[in-house]
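Accompanying notes for the structure given below.
Residue numbers (our numbering): 2 to 343.
Here you go:
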């Protein structure tokens, strides 16, 4: 457990920035530990799902939303949410007394483990940590039982955790930035990715900004993915230095948007689609269609009840193609292919 903390383009659209010179082409994967994760990933058990304890406890005071209502929300959207977190290493924000009280960030799972949790080891420094993943509505319910209603995930699958399968770019506005500017930043980054023939998907974070998810084929190592994401951030800043920064220092972020690429390193996480946030209001990290993004009035537009109605009424999942895509990055070479041929 720990406290919460968190070049130029050519005419052909190829990114050429100095940061890409730092790609570590031959970094070996931690094969032994990854194989161990595959072997020890626990199988799902058909255990009895516990009733929610203290169901009337208020988790969101302003809306008077109870723990039971949060559990019911996750049960109602489980079919929409599970595909985006199943099989991924998870980290949890646990709030024993609700979103406005003290919360803590938990990476490792210990103690009595519910039947609906799958556990596996991941190499961390010189040791190992035991992580969890879920793949069922029962698992979501058990997370709520633990007061873990904000859920974060790695950009990889547990059984192949040395090979990320998505990139997450976080557009985080500093003080004084209008919501409309955050939306425009998302479209500018989307266009930049399209120059590289990469499709992206956008979601409200439930916080201040937006996330762009870019699914990729899991053939690049963490260094490549993080450096690529950094290159995107640096290029966007180079184009509009008056609007964006790629440095997380709060001193320089007033009236600017931080293009946060740091969620793409080994062990980094991003809030999963459809997760509630540990905030005073029950904001949801909601995937949306690019076509409707400019119609959204603010980052907290979809609280729990509004999000449930939105999900129920929409004709299709705006991210339905997300899990089908395995995109290659034209300016990178496959580290996995090099490793196999070595």
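Glycine included, each C-beta is placed from N, C-alpha and C at the ideal position.
Give the straight-line distance between the Cα atoms of residue 184 and residue 294, rounded to the nearest whole angstrom. A direct Cα-to-Cα measurement between residue 184 and residue 294 gives close to 7 Å.
Residues in the same chain with beta-carbon distance under 7 Å from residue 167, minus the five sequence neighbours each way, listed in chain order, please. If we look at residue 167 and ignore the five residues flanking it on each side, its Cβ neighbours are 156, 214, 215, 216 and 217.
Could you name the residues that DSSP lists as bridge partners for residue 95? DSSP, once it has assigned bridges, lists 105 as partnering residue 95.
Using DSSP with H/G/I as helix, E/B as strand and the rest coil, what is residue 139? Of the three classes helix, strand and coil, the one that applies to residue 139 here is helix, per DSSP.
Under a Cβ-count criterion, where at least 16 other Cβ atoms within 10 Å of its own Cβ denotes burial, should residue 112 be classed as buried or exposed? Result: exposed.
Quick one: what does DSSP say residue 202 is sitting in, helix, strand or coil? In the structure shown, residue 202 sits in a strand (DSSP, three-state: E or B).
Extent of the continuous beta strand (DSSP E) to which residue 169 belongs: First-last of the beta strand (DSSP E) with residue 169: 167-174.
First and last residue of the beta strand (DSSP E) that includes residue 211? Judged by DSSP secondary structure, residue 211 falls within the beta strand (DSSP E) whose first and last residues are 211-216.
Mapping DSSP to helix, strand and coil, what is residue 303? Looking at residue 303 - three-state DSSP - the assignment turns out to be coil, as it is neither helix nor strand.
Can at least three beta-carbon pairs, one atom from the segment 246-259 and one from the segment 170-190, be found at a separation below 8 Å? With a cut-off of 8 Å on Cβ pairs, the segment 246-259 is in contact with the segment 170-190, counting three or more such pairs.
Report the three-state DSSP secondary structure of residue 186 (helix, strand or coil). Assigned with DSSP and collapsed to three states, residue 186 falls in helix.
Take residue 377 and list the residues in its own chain whose beta-carbon comes closer than 8 Å to its own, dropping the five residues that flank it on each side. Past the boundaries of the shown model lies residue 377; the chain is included only from 2 to 343, so the question cannot be answered.
In chain order, what residues of the same chain have a beta carbon less than 8 Å from the beta carbon of residue 67, not counting five sequence neighbours either side? Residues 56, 57, 58, 59 and 60 of the same chain have their beta carbon placed closer than 8 Å to that of residue 67, with the five preceding and five following residues left out of the count.
Between which two residues does the beta strand (DSSP E) carrying residue 74 extend? Judged by DSSP secondary structure, residue 74 falls outside any beta strand (DSSP E) and instead within the alpha helix (DSSP H) spanning 68-77.
Secondary structure of residue 281, DSSP reduced to three states: Three-state result, residue 281: coil.
Take residue 264 and list the residues in its own chain whose beta-carbon comes closer than 6 Å to its own, dropping the five residues that flank it on each side. Once the five neighbours on either side are set aside, the close Cβ partners of residue 264 are 169, 171 and 271.
Who are the near neighbours of residue 72 in its chain, counting only those whose CB is closer than 7 Å to its CB and skipping five residues on each side? Within the same chain, residue 72 has close Cβ partners 53, 142 and 145.
Around the C-beta of residue 98, are 16 or more other C-beta atoms found within 10 angstroms, so that it is buried, or is it exposed? Exposed.
Could you pull out every residue in the same chain whose Cβ sits closer than 6 Å to the Cβ of residue 115, ignoring the five residues on either side in sequence? Taken in chain order, the residues that qualify are 143.
Are the segment 157-164 and the segment 190-204 touching, with three or more C-beta to C-beta distances below 8 Å? Taking a cut-off of 8 Å for Cβ pairs, the segment 157-164 and the segment 190-204 do not touch, as fewer than three such pairs fall below it.
Is there contact here, the segment 319-338 with the segment 294-308, by at least three beta-carbon pairs under 8 Å? Fewer than three pairs of CB atoms, one per stretch, sit closer than 8 Å, so the segment 319-338 makes no contact with the segment 294-308.
Is it the case that the CB of residue 201 approaches a heavy atom of the ligand FMN more closely than 7 Å? Ligands displayed in this structure: none; no statement on the ligand FMN is therefore possible.
In angstroms, rounded to a whole number, what distance separates the CA positions of residue 147 and residue 240? Rounded to whole angstroms, residue 147 and residue 240 show a C-alpha spacing of 45 Å.
Taking Cβ to Cβ, would you say residue 100 is nearer than 8 Å to residue 117? The beta carbons of residue 100 and residue 117 sit no closer together than 8 Å.
Going by beta-carbon coordinates alone, are residue 181 and residue 237 separated by less than 8 Å? When the beta-carbon positions are compared, residue 181 and residue 237 stay at least 8 Å from each other.
Short of 7 Å in beta carbon distance, which residues of its chain neighbour residue 269, apart from the five on each side in sequence? Order them along the chain. Hits under 7 Å: 263.
Would you list, in sequence order, the uninterrupted beta strand (DSSP E) runs of no fewer than 3 residues that lie entirely inside the segment 234-292? As far as the segment 234-292 is concerned, its whole beta strand (DSSP E) runs of at least 3 residues are 258-261.
The beta strand (DSSP E) that contains residue 326, what's its start and end? Looking at the DSSP string, residue 326 is not in any beta strand (DSSP E), and its letter there is neither H nor E.
Thinking just about the alpha-carbon of each residue, which of 163, 233, 151 and 245 is nearest to the one in residue 125? Closest option to residue 125, judged by alpha-carbon separation, among 163, 233, 151 and 245: 163.
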